[in-house]
Amino acid sequence: MSGADDDLPPKPDLPDCCNSGCAQCVMDDYAEAMRQWRAECAVIIAARQAQQNDSTAP
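Numbered per full-length UniProt numbering, the sequence shown finishes at 58, counting up by one with no gaps.
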């Protein structure tokens, strides 16, 4: 990941959602993309923390 907002999934415009209860709403797709993005961030953060811990260990 390069930078915070650069890698965020694009949020759909409100007109993209028709509010008719579609089985696969664009807002559901966005929520899933955000969940995946947060999971990827957590993996990267954990790896960086582990790397820092390894470099500071005696």
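Where a beta carbon is used, it is the ideal one built from N, C-alpha and C, also for glycine.
* **Closest Cα partner of PRO15 within the set ASP7, LEU8 and MET27** => Sequence index remark: in the sequence shown, residue 15 carries index 15 (1-based). When only C-alpha atoms are compared, the closest one is MET27.
* Kindly indicate the opening and closing residues of the alpha helix (DSSP H) around ALA23. => In the sequence shown, counting from the first residue as 1, residue 23 sits at position 23. Per DSSP, ALA23 belongs to no alpha helix (DSSP H) and is neither H nor E.
* Secondary structure of PRO15, DSSP reduced to three states -> Residue 15 sits at position 15 when you count from the first residue of the sequence shown. Three-state result, PRO15: helix.
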